[in-house]
Amino acid sequence: MPAKISIIGAGNVGATTAQRIVERGYADVVLLDIVEGLPQGKALDIQESAPVINFKTTVTGTNDYKDTAGSGVVIITAGLFRKPGMTRDQLLAANAEIVSGVIKNVAKYSPECIILMVSNPLDAMTYLAVKASQFPRNRVVGMSGALDSARLGTFIAAELKVPPEDISAWVLGAHGLNMVVIPRLTTVRGKPLTELLSQETIDKLVERTIHGGREIVDLLKVGSAFYAPSAGIAHMAEAIVRDKKETLPCAALLDGEYGIKDSVIGVPVKLGRGGIEQIVEFDLSAAEKQLLYDSAEGIKASIKQMGLK
Ligand SMILES: NC(=O)c1ccc[n+]([C@@H]2O[C@H](COP(=O)([O-])OP(=O)(O)OC[C@H]3O[C@@H](n4cnc5c(N)ncnc54)[C@H](O)[C@@H]3O)[C@@H](O)[C@H]2O)c1
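First residue of the sequence shown? That's 1146 in this note's numbering, and the numbers climb one at a time after it.
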């Protein structure tokens, strides 16, 4: 029996994620949006590719949360995206309102699910999801590092002319300008990046990663990234549904790990059927820990702005 995954928000990220999941064949998908006809139309369009792509899973569209009932994973992509010149934090108030309404319905109809948060600003929305759902923290995880690390990996692969699968990149911290890239922990066929590239080149690649989302927004002008984000989301959802126990960079609510309490931040997380099965503590130097701590302090400010502290 395939698992049941619901995706709230049938926009670019939500619909592309639905396509990736059903094509991989590990879950049936229910796609929900407030706009009538949108999730139904996109779901039907994806479903009609089944005879060509040859998948047996199903995707259905709805405007009614009843159809999402009993989902094992619920992915939240509802909300506004960044327009050119906008920061992720400027989305805070608008998306906080949307996400708190969505989470109440998700918790009502799928009380045992794992929530996979995607809406921005990601870390603040993940914190809000924990509070609004009243789920234990292991059942609410955010997608950030999977995307940021994929971007860094892409840039390293191009720079060194190596296949992307040879690269293990780790981007931690906030999903935004305060993300924490630790080049020492990023390896190419097991060799640390710091032994392969000059500091100047590393700095250039890190800078491009930090502004990776903005680069796409500026090019598109009328939308933000969704192909790479949906790849990161589908990877995380698969690790959960298939109980892979894979360690990926994810946003999680910390309770003392890395010296951080009561803030959501990107850290290495072992993902399995239980959601966050372990927060993996890398051996960081004092300076690296400080970067992560400072990044978390920035998120606490957003949490305060939402009136949650
Ligand atoms: N975490 C990440 O790394 C990451 C990456 C990309 C995008 N995002 C975020 O994901 C979100 C979606 O991006 P997108 O490009 O798909 O935007 P989009 O505008 O294409 O889609 C958003 C969808 O949400 C729907 N929606 C709005 N309010 C709703 C509600 N109350 N209930 C249900 N659906 C609702 C809209 O009708 C729309 O279809 C944005 O907040 C964006 O910033 C996060």
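Beta carbons: idealized from backbone N, C-alpha and C, even for Gly. Treat the numbers as computed from the prediction; the structure is a model and nothing was measured.
Proximity of residue i and residue j at Cβ, strictly below 7 Å
i	j	result
Ser-1289	Gly-1411	yes
Ala-1291	His-1380	yes
Asp-1234	Pro-1281	no
Lys-1449	Ser-1408	no
Asn-1283	Gly-1443	no
Ser-1151	Val-1263	no
Asp-1363	Pro-1229	yes
Val-1251	Val-1204	no
Ala-1319	Asp-1388	no
Tyr-1254	Thr-1213	yes
Asn-1199	Glu-1181	no
Ile-1191	Ala-1148	no
Gly-1298	Ala-1396	no
Ser-1369	Arg-1227	yes
Gly-1357	Arg-1296	yes
Phe-1371	Val-1158	yes
Gly-1294	Pro-1394	Residue identity differs from the one stated: residue 1294 is Ser in this sequence, not Gly. It is a contact, given that the beta carbons lie within the stated cut-off.
Lys-1201	Ala-1160	no
Phe-1300	Leu-1261	no
Enclosing beta strand (DSSP E) for residue i [first to last residue]
i	result
Asp-1407	1406–1417
Ala-1172	1172–1177
Met-1324	1324–1326
Gly-1287	1285–1287
Beta-carbon contacts of residue i that lie in its chain and below 6 Å, excluding the five residues immediately before and after
i	result
Ile-1127	Residue 1127 lies beyond the stretch modelled for the chain, which goes from 1146 to 1454, so this question has no answer here.
Ile-1243	Ala-1223 and Gly-1224
Glu-1422	Lys-1415
Val-1325	Leu-1317, Gly-1318, Leu-1436, Leu-1437 and Ser-1440
Lys-1390	Lys-1415 and Gly-1417
Gln-1185	Gly-1206
Ile-1259	Val-1218, Arg-1284, Ile-1385 and Gly-1420
Residue(s) in a DSSP beta bridge with residue i
i	result
Val-1218	Ile-1150 and Ile-1259
Val-1167	Looking at the DSSP assignment, Val-1167 forms no beta bridge with any residue, so it has no partner.
Pro-1394	Pro-1413
Gln-1423	Lys-1415
Ile-1312	Val-1333
Val-1204	Val-1174
Leu-1399	Ser-1408
Gly-1461	Only positions 1146 to 1454 of the chain appear in the structure, and residue 1461 is not among them; the question remains open.
Test: residue i CB closer than 7 Å to a CB of chain D
i	result
Leu-1338	Structure shown: chain D not included; a single protein chain is present.
Own chain residues within Cβ distance below 8 Å of residue i, not counting five before or after
i	result
Lys-1406	Leu-1399 and Asp-1400
Leu-1189	Gly-1206
Leu-1429	Ile-1327, Tyr-1403 and Leu-1437
Lys-1366	Pro-1229
Val-1275	Arg-1282, Val-1285, Leu-1398 and Val-1409
Tyr-1210	Leu-1177, Asn-1250, Val-1251, Lys-1253 and Tyr-1254
Residues near residue i by beta carbon distance below 7 Å, same chain, minus five either side
i	result
Lys-1249	Ala-1277
Gly-1156	Thr-1222
Ala-1302	Pro-1308, Pro-1309 and Ile-1312
Asp-1426	The displayed chain sequence assigns Glu, not Asp, to residue 1426. Only Glu-1402 and Tyr-1403 meet the Cβ criterion.
Start and end residues, alpha helix (DSSP H) containing residue i
i	result
Ala-1295	1290–1305
Gln-1185	1183–1192
Thr-1213	Careful: Thr-1213 lies outside any alpha helix (DSSP H) and carries neither H nor E.
Val-1367	Where Val-1367 is concerned, there is no enclosing alpha helix (DSSP H), given that its DSSP letter is neither H nor E.
Thr-1271	1267–1278
Thr-1339	Note, Thr-1339: premise wrong, no alpha helix (DSSP H); not H, not E.
Arg-1387	Per DSSP, Arg-1387 belongs to no alpha helix (DSSP H) and is neither H nor E.
Ala-1223	Here Ala-1223 belongs to no alpha helix (DSSP H), and DSSP marks it neither H nor E.
### Query
Are the region 1164–1171 and the region 1230–1242 touching by the rule of at least three beta carbon pairs closer than 8 Å?
Contact between the region 1164–1171 and the region 1230–1242 is absent, with fewer than three C-beta pairs closer than 8 Å.
### Task
May I ask you to verify whether the region 1373–1387 touches the region 1335–1354, counting CB pairs closer than 8 Å and requiring at least 3?
In short, these stretches do not touch, since the Cβ pair count stays below three.
### Message
Is it the case that the region 1414–1422 contacts the region 1436–1446, given that we only count it when at least three CB pairs across the two stretches are under 8 Å?
### Response
Pairwise C-beta distances place the region 1436–1446 out of contact with the region 1414–1422, as fewer than three of them are shorter than 8 Å.
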